[in-house]
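Note that the sequence shown covers residues 965 to 1221 in our numbering. Even for Gly, the Cβ is constructed at its ideal location relative to N, Cα and C. The model shown is predicted, which means the values in this text are computed figures rather than measured ones. See below for the structure under consideration.
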Amino acid sequence: MNASSARVIFLPGVIMPCALRYAALLRELDNAVLAITKDLELYAGPSAPAEGYDITMELDGISGAADDAGWDRFHLYGHSGGGAVALAYVAAHPERVVSLAVDEPAYDFLDSTETRGYWSEIDAAGRLPERDRMPAFLKLQLGPGVALPPAPDGTPPPWMASRPAGVLALITALKQHHVDPSSYRRYAAPVYFSHGSLSHSYWLGMRDRLATLFPDFTAERYDGLHHLNTSHQAEPARVARALRRHWNRALADQRST
């Protein structure tokens, strides 16, 4: 494996399908990657959310996608819900992940007073009437005084109908999944964490917690951006450069061991 043809599995958040989420970034990366854009197992079945859904289904789905491609090892990149799944995957299967990159993961599976307070707000949003639930959930991704982006023009795409229930199912599954913090300490490969300056402060706390656990941790802030207008969408060329550096360093570390 080399950086000119890095094998990468991309995981999206809970709203936008993976191919749409990463279209701009993949254009910038071009021949730098062999990419699998893997949608969440949450939406994989005939009904969504999938019956009996839990995070283990996501982890098995990643392994299955890699096995189908003939990949023993690969780089992993995830945003929001997909970032949380990526963290859980590294904790469970560190031997398969050459490097990890996450953009504002939905959860780090670490307990803190700040996290408990934030999740109580998420839970309160989930109890609102359905018409109010999604705007409240989206608002909780942003910093104080940051306005929600305007809704897209036109008729919502068909996949959007499954998202309100999908958000609730993912929240429940994340809270029920356990990760031993020591598993992060045992993951020695490079970890890249990106976040926007206009996002909720939840991700600043997460950044600082993960920095104390992963041995090789790099964080990068993207000024003027936030969870709903994130780095790989607004600045794909910059993210592509950061990922190439990240993957190159992981490869160099592999060669030196």
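CA nearest to the CA of residue i, picked from the options
i     : options                  : result
A1133 : A999, G977, D1018, A1089 : D1018
N1212 : E1199, Y1156, N1193      : Y1156
F1178 : A1111, P1113, S1063      : S1063
P1116 : R971, F974, R1208, M980  : M980
H1142 : I973, V1054, P976, G1009 : V1054
S969  : L990, P976, R985, S1027  : L990
Beta carbon of residue i nearer than 7 Å to that of residue j
i     : j     : result
S1161 : S1195 : no
R1171 : A1183 : yes
D1180 : P1145 : no
E1059 : S1044 : no
L1112 : L1104 : no
Simplified DSSP state of residue i, which is helix, strand or coil
i     : result
G1109 : coil
A967  : Residue confidence for A967 is low, a pLDDT of 42 falling below 50, so the modelled location carries little weight; the figure read from the coordinates is stated next. A967 falls in the helix class under three-state DSSP.
L1168 : helix
F1181 : strand
V1061 : strand
A999  : strand
I1222 : With the chain represented from 965 up to 1221, any question about residue 1222 goes unanswered, as that position is not in the structure.
D1225 : A question about residue 1225 goes unanswered here, because the residues of the chain that appear run from 965 up to 1221.
H1039 : strand
S1011 : coil
Supposed close pair residue i, residue j - CB separation, criterion 8 Å
i     : j     : result
V1066 : G1042 : 5 Å
R1097 : A1089 : 6 Å
Do the region 991-998 and the region 1202-1215 touch if we need at least three Cβ pairs shorter than 8 Å? Yes: at least three Cβ pairs fall under 8 Å.
Validate contact between the region 1124-1142 and the region 999-1016 using beta carbons, cut 8 Å, 3 pairs: Counting Cβ pairs under 8 Å, three or more are found: they touch.
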